[in-house]
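Novice: Numbering (numbering that gives the first Met the number 0), first residue to last: 0 to 291.
One structure follows; several queries about it will come next.
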Amino acid sequence: MNKKEVSARLAGEVSLGNELSVHRLGFGAMRLTGEGIWGPPQDRKAALAVLRRAVELDVTFIDTADSYGPHVSEELIAEALFPYPKGLVIATKGGWNRPGPNQWTHDATPAHLRAAVEGSLKRLRLDRIDVYQLHVPDPVVPFEASLETLAELRDQGKIRLVGLSNVTREHIERARKIVPIVSVQNRYSFADREWDYVVDYCDRHGIAFIPWFPLGAGKVAGDVLHEVAQAHQASSKQVALAWLLRRSPLMLPIPGTSSVEHLEENIAAASLHLTGEEYKRLAEVPELVASR
0 MNKKEVSARL
10 AGEVSLGNEL
20 SVHRLGFGAM
30 RLTGEGIWGP
40 PQDRKAALAV
50 LRRAVELDVT
60 FIDTADSYGP
70 HVSEELIAEA
80 LFPYPKGLVI
90 ATKGGWNRPG
100 PNQWTHDATP
110 AHLRAAVEGS
120 LKRLRLDRID
130 VYQLHVPDPV
140 VPFEASLETL
150 AELRDQGKIR
160 LVGLSNVTRE
170 HIERARKIVP
180 IVSVQNRYSF
190 ADREWDYVVD
200 YCDRHGIAFI
210 PWFPLGAGKV
220 AGDVLHEVAQ
230 AHQASSKQVA
240 LAWLLRRSPL
250 MLPIPGTSSV
260 EHLEENIAAA
270 SLHLTGEEYK
280 RLAEVPELVA
290 SR
C-alpha cells in the first residue's frame, strides 16, 4: 500500500442528518484513557500526539463519551485540539455511570442526561455538541423519557444532532418518533453480524452506522483475514476496516488506538479496495463459524 496515500479523505464522505459531512473513517477515543478505561493515560503526551496526528490524517469525526475515564477522553480531546479545526465533528455520549475500572452502570434518567450534556460541553469547550448519543438504553428508565430529554436539549441549542448506541431496530423506530436520529453505533464487523438488519435499516433511512467491533470469531476469521491481507500486502485490521467501508456507503468506522503507528495503519485502510470475491469470502465467515 502506498504510504503517501494515508488519508481518511480516501474513504469518501458520509452525511449526518444532511447537516454535517465527515470523512468515512473516524477515530474512537476510548482507548486514550488508563487501564480499564479508567483514569488518565500512562503517557499523556502520546495520547495528545495521537489526536493531533488523526486530524493531520484528515480525520473529521472523533467519537468519545463522558464515561471514558470518566471525563478523561473528552478532556484530552480539548487539550489536544482546541480551538478545533474547521470541519471537525466531535461526537460524545451519555447514559453510563462509572463506579470503577471496567465497571459500567446504567443511568439514562433525564436529570443525569442533562448534567452529562452540561459536563461534556464544559470539558470539550463547546457551546453546542454536534452529535450527542444515548450510550445505551436504561432498563429501568422509559426509553422515551431519555429521548425526550435529548430532544429538549437539542431544542435548547445544546445538542445539534442526536444519535443512538447499543440499540435494536425497535429502539431506533421509537426514537425517530421523538427526534431525528442521524447515527447508530452498535458492535459490528465482518465476523460479527448480529446487527446486519440494523445496518440495512440504517441504509434505507439515511442513518450513519458507526461500528464498534472486535476482530473475533476465532480461527476461521483469522485464517480468511490473513489470506486476504497477504494478497494486498496489508494488515488484518486494514482488511477488516476495508470490508466495513464496502459493506455500506453509510458505514463510519471509528478504529481506536493509543499509538500513532497503529493510527496510521488504520487510516491507511481507506485506500484498500477489496475484490468482490474477497468481500464475499469475508462476509461468509459467520456462516463458516456457525457450521463448525
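Don't be surprised by glycine CBs; every beta carbon is placed ideally from N, CA and C.
Fair warning: this is a prediction, and the values are worked out from it, not measured in the lab.
Taking the straight line between their C-alpha atoms, what separation do you get for residue 0 and residue 142?
Specialist: Any reading at residue 0 must be qualified, since the residue scores a pLDDT of 46, below 50, and its modelled position is unreliable; the value itself is stated next. Straight-line Cα distance between these residues: approximately 46 Å.
Novice: Strictly by DSSP, which residues pair up with residue 132?
Specialist: In DSSP, residue 132 forms a bridge with 92 and 162.
Novice: Report yes if the C-beta distance between residue 60 and residue 255 is below 8 Å; otherwise report no.
Specialist: Against a cut-off of 8 Å, the Cβ pair of residue 255 and residue 60 comes out as no contact.
Novice: Mind reading off the beta-carbon distance from residue 119 to residue 133? Whole number of angstroms is fine, and I expect it under 8 Å.
Specialist: In fact, because the Cβ distance is near 13 Å, the residues do not count as touching under 8 Å.
Novice: Tell me, please, which residues DSSP counts as bridged to residue 281.
Specialist: DSSP output for residue 281 lists no bridge partner at all.
Novice: Along the chain, which unbroken stretches of the beta strand (DSSP E) at least 3 residues long are found entirely within the segment 170 to 215?
Specialist: Counting whole runs of 3 or more residues, the segment 170 to 215 contains the beta strand (DSSP E) stretches 180 to 186 and 207 to 211.
Novice: Is it the case that the Cβ atoms of residue 72 and residue 31 are separated by a distance below 8 Å?
Specialist: Yes, the Cβ-Cβ distance between residue 72 and residue 31 is below 8 Å.
Novice: Note down the Cα distance separating residue 208 from residue 9, rounded to an integer number of angstroms.
Specialist: Their Cα atoms are separated by approximately 18 Å.
Novice: On the DSSP letters alone, give me the boundaries of the beta strand (DSSP E) that residue 247 sits inside.
Specialist: That residue, residue 247, is in no beta strand (DSSP E); it is neither H nor E in DSSP.
Novice: Give the straight-line distance between the Cα atoms of residue 160 and residue 261, rounded to the nearest whole angstrom.
Specialist: When rounded, the distance between both Cα atoms is 30 Å.
Novice: Is the separation between the beta-carbon of residue 68 and that of residue 37 shorter than 8 Å?
Specialist: Closer than 8 Å, so yes.
Novice: If I follow the unbroken alpha helix (DSSP H) through residue 154, where does it start and stop?
Specialist: Taken as a continuous stretch (DSSP letters only), the alpha helix (DSSP H) holding residue 154 covers 142 to 154.
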